[in-house]
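Enquirer: One rule links them: number in the working numbering = place in the sequence shown (from 1) + 70. No residue lacks a Cβ here, since even glycine has one placed at the ideal position from N, Cα and C.
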Amino acid sequence: MEELLSNFVWTYQTTLIQVALSILMSIAMYCVLATGQLFLGQIGFMAIGAYTSAVLTTVFGLAPAVAILSGTIASLAISALLVEPMLRLSGVHMAIATIAFGEVVRSSLVNIGVLGGALGLSGIPLAVSPFELYVFDALLIALTCWASCSRLGRIVEATRTDELAAQSMGIDVRRVKRLSILASAAISGFAGGVSAHSLGTLSPDGFSFVASVTVLSFVALGGVASPLGAVLGAIFLTVMPELFSVLSEYRTMATGLSIVLVVLLLPAGVFPFSLLRVRGHAKR
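1. Find out if the Cβ-Cβ distance for the pair Thr122, Ile194 is shorter than 8 Å.
2. Return the Cβ separation of Pro297 and Ile211 in integer angstroms, given the expectation that the two are a contact with Cβ distance under 8 Å.
3. Would you give the residue range spanned by the alpha helix (DSSP H) that Pro155 belongs to?
4. What ranges does the beta strand (DSSP E) occupy inside the stretch 148–222, keeping only unbroken runs of at least 3 residues that lie completely in it?
5. Does DSSP put Leu94 in a helix, in a strand, or in coil?
6. Just list the residues that DSSP pairs Leu272 with in beta bridges.
7. For the pair the stretch 254–265 and the stretch 174–188, tell me if three or more CB-CB distances fall below 8 Å.
8. Taking the alpha-carbon positions, what's the Ala352 to Ala90 distance?
9. Nearest-angstrom Cα distance between Ile93 and Gly131?
10. Specify the secondary structure class of Ser315 as computed by DSSP and reduced to three states.
11. Say whether the stretch 146–154 touches the stretch 205–219, bearing in mind that this needs 3 or more beta-carbon pairs closer than 8 Å, one atom from each stretch.
12. What residue does the alpha helix (DSSP H) around Met116 start on, and which one ends it?
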């Protein structure tokens, strides 16, 4: 049994890592969508965390744990500088501005020689195992679910549902949105750092506009009512192409068709239930 499990992990190691990273990014996206903000700069912050961590280990020789923490702090610091101007925007305007931020980061990576240019970076120490990634996932999911069931979760849901009503109840909506963006950036930066040290290579192409849309799709497909929906959407969209690999050239079409069917049949997402309501029913 142990040998069978080892062979499975060895065969699907890259897919397992991708699923774990997708879960981290889905929670990062959930943090902002839960407050009603169409903030799509997560991939930019992920790139900052990834390249900061990679450069600190490969060039300056820092320990991977310190480098990952530094990358997370760098993403958080940059988000702190951008959060106030971003909060002046909303809806489509915020989406366009944050996508532009991601593209600026990606273009910078391509044009800065020390970061490997268009070829990216390789030879990054593999210091994070798939098991450790899933431990991080479990801790973050538990923390997010706990927050969703707490007073903070009620504040976030009130902000998303009706900002004016939330303000009339004494909720500082602007502060809630600010904290959600900072949390999202920090999680994205951490995801970038662990991705660099679990995959061993980085490329600017991995942080493109398509990646931003993919992360948004995680939550859109899973549902914004709870973090569990975002996690389920991330698993579904990451694993589905592998399940359809036997279809060869029809793989992409089958994956797209399955997504369309899920959206049509479950418009509120795979998990459209709020943990606050689920908890309330359980108490009764």
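Expert: The answer reads as follows:
1. no
2. 6 Å
3. Pro155 -> alpha helix (DSSP H) spans 134–157.
4. Listed in chain order, there is nothing to give.
5. Looking at Leu94 - three-state DSSP - the assignment turns out to be helix.
6. Leu191
7. Three or more beta-carbon pairs separated by less than 8 Å are not found between the stretch 254–265 and the stretch 174–188, which leaves the two stretches without contact.
8. Residue placement at Ala352 cannot be trusted, given a pLDDT of 47 that sits under 50; the coordinates are not used to answer.
9. Approximately 29 Å between the Cα atoms of the pair.
10. helix
11. no
12. Looking at the DSSP string, the run of the alpha helix (DSSP H) that includes Met116 is 112–128.
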